[in-house]
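Chains as they are written, first to last, in the numbering used here: chain S, 332 to 484; chain Y, 16 to 398. Heads up, the beta-carbon is just placed ideally off N, CA and C, and yes, glycines get one too.
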Ligand SMILES: [Zn+2]
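Dropping the structure here:
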C-alpha cells in the first residue's frame, strides 16, 4: 500500500529551528527559576489562583497583581505518549515519553517522565512524580519528572 | 444569526488534489476559487467579499482581479474556513458586502506548509517555550496527548481506535479522487509504525496538496445561481487554548470547546443530533472523530470507539461519516476544514461519489490545533 509516508507535520523544517525556547519578559522569572533548580508558578494576589504558563494577567480574574511561588515538585501523571525518538538536544537514546503532568498546585504542564523505562508498563496513570531537572541543548536545566518509588513515599 | 438566512451558491476543490507540484499554495487557492466562481456562474469582479486565511488577502484579490469591500483572514488552525464562513455571514447581515468568496490552498506535500501568518512554533510563543521542546518537534504527539488517558478511562481498545481508518478506507474506495482506496484491516493498521504511541502511522492523516473555495450569499439571492443552494442553518465556534498547547485544556477527555460549539450550532439550527443525516468530523488523527462524536452529542462519553468499530459510521451504517475517506484517506493538505465542508455540500447537492440517499442535513465539524479551536457548521438543502 502506497502511503504518504511521513507523519503529518513531520516535514515542517521550520519546527526544528525553533526547539530552543525563546524567553519573553513575562516568562523570564520562570526560566531564571529553572536555571536555579526551581519550578516557579504564577499565583494571583486577588483570587489566589495558581496558573501555568506564566502571564502578567490572571486567567481567572484578569488581575495584574501576580506573585511567583516555588512549586512543591509533587505531581501525578495524567496522560502520555511515547515518541520513538528524542530530539538530540535531550541526549536521550531511543524512545522518550511526552507527559501531561498535573502539579500538586493545580495546573497541568507538559513535560517528560525520566529515570524509568519509557514503556506503557512503566508509565502508570496517576502515578506519583517528583520534579527533576535535565540538561537540554545549551540549557543546563529544564523541568522533567521522575516516578516516586514506594520507598520514597 | 438567523437560521437559513445564508446559502452556499458556489463550491469547488482545486482541479487536482494529492500531488500537485505545478502549483504553490496561492496557485491552489486561485485554482479552487476559479472553479467555485464557475460553479456559481460568477466572475470574480462580481464578488465583493473575500476571506483567505493564511495568505495575504490583498495578494489573492490582486491576482483574482477582485476589489473586495470586505476581507477577513481569521486563522485558528484547520477550522479557520468554518469560522470564516460564519464571519462572512455576519458581514453580509451587516450589509458590508453581498457575496463572499472563501478561498483556501495549501501545498502541504510538494512545497511545504503555508508560508506565513500561522507560525506554529513562533519563537517566544507559549507552545515554543513550554511544549514543543518536550515533544522533540513531533507535533503528532501533542495531538495524541489525551488518547492514552481516554483509553485508560473508557476501556476503548487499540483495535477500536484502529477501526477508524479501516472504515474510512471503505468510503475512500468509492471516491475516485481519494489517495488511499485499497481495503485495509485492523491488523494492518496496528502493524504500521509508531508515530507517538498509541498513535501509529495509519492513524495519521495524509500529507497532500489541495485547495477549496466556497461562495456564500444571502438566502434571498441564492435562487439566482445555476446550482441549487445549500443553506447554512446553524453555526458554532469556540476557542480554548494555544494551538499546540495541550496542557491548557480544561478537560482533555471531554473538551468543552466542542460542546460549546455544538450547542451554538444545534441551537441556532433548531436541530438535534438525531436530525443529522450526514456527518463530517475533521480527522487529522484516528481519535479526533471519536472525541467529535462524543462532544457533538451523537454518542455518550466512552461510546464512540465501539460505535465506529461496530460500523455505525461505515457504508450502510446509520450515521454515515467522513464519506470522502477523510483526512486519513482522501487528502489532507494541512488545514482540512475546507475539504470537510466541500463533501457536505456535494452530499446535499446529490453530487457526491459515495452519495447518501436522501441526505437533507449535513454537519461539518472542524478542529484547530490540539483542542485549541473548533467550529461546527450545519448545512441543509431545505430552507
Ligand atoms: Zn486572579
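Judged by DSSP in its simplified three-state form, residue 365 of chain S adopts helix. With the criterion set as a beta carbon lying under 8 Å from some beta carbon of chain Y, the members of the stretch 407-418 of chain S are 409, 410, 411, 412, 413, 414, 415, 416, 417 and 418, in sequence order.
With respect to chain Y, the C-beta atom of residue 401 of chain S has no partner C-beta closer than 8 Å. Note on residue 145 of chain Y: 16 or more other CB atoms within 10 angstroms of its CB, so buried under the neighbour-count rule. Taking 8 Å as the cut-off between beta carbons, the residues of the stretch 445-476 of chain S near chain Y are 451, 456, 467 and 473, in sequence order.
When the alpha-carbon of residue 265 of chain Y is set against those of S:457, S:473, S:382 and S:415, the nearest one is in S:382. Between the stretch 223-235 of chain Y and the stretch 366-381 of chain Y, the count of C-beta pairs closer than 8 Å stays below three; the two stretches do not touch. Annotated three-state conformation of residue 185 of chain Y is helix, per DSSP. Taking 8 Å as the upper bound for CB-CB distance, residue 66 of chain Y and residue 141 of chain Y are not in contact here, some 26 Å apart. Distance from the CA of residue 255 of chain Y to the CA of residue 105 of chain Y, rounded to the nearest whole angstrom, comes to 22 Å. Residue pairing from DSSP places residue 405 of chain S in a beta bridge opposite S:461.
Taking C-beta atoms as the reference points, residue 199 of chain Y and residue 184 of chain Y count as a pair closer than 8 Å.
Using a Cβ-Cβ cut-off of 8 Å, residue 388 of chain S is close to nothing in chain Y; its nearest Cβ partner there is about 14 Å away.
For residue 287 of chain Y, same chain residues with a beta-carbon under 8 Å away, outside a window of 5 residues either side, are 281 and 312 in chain order. Counting the other Cβ atoms within 10 Å of the Cβ of residue 241 of chain Y gives fewer than 16, which makes it exposed. The secondary-structure analysis by DSSP pairs residue 226 of chain Y across a beta bridge with Y:120.
For the C-beta of residue 350 of chain S, the chain Y residues within less than 7 Å are, from N- to C-terminus, 147, 148 and 152.
Under the DSSP assignment, residue 23 of chain Y falls in the beta strand (DSSP E) whose first and last residues are 21-28. With its beta carbon at least 8 Å from every one in chain S, residue 96 of chain Y lies outside the interface. Our two residues, residue 360 of chain Y and residue 245 of chain Y, have alpha carbons roughly 7 Å apart in a direct line. Rounded to whole angstroms, the gap between the alpha carbons of residue 167 of chain Y and residue 456 of chain S is 8 Å.
Taking a cut-off of 8 Å for Cβ pairs, the stretch 119-129 of chain Y and the stretch 38-50 of chain Y touch, as three or more such pairs fall below it.
Relative to ligand 1, the nearest heavy atom lies less than 7 Å away from the CB of residue 380 of chain S.
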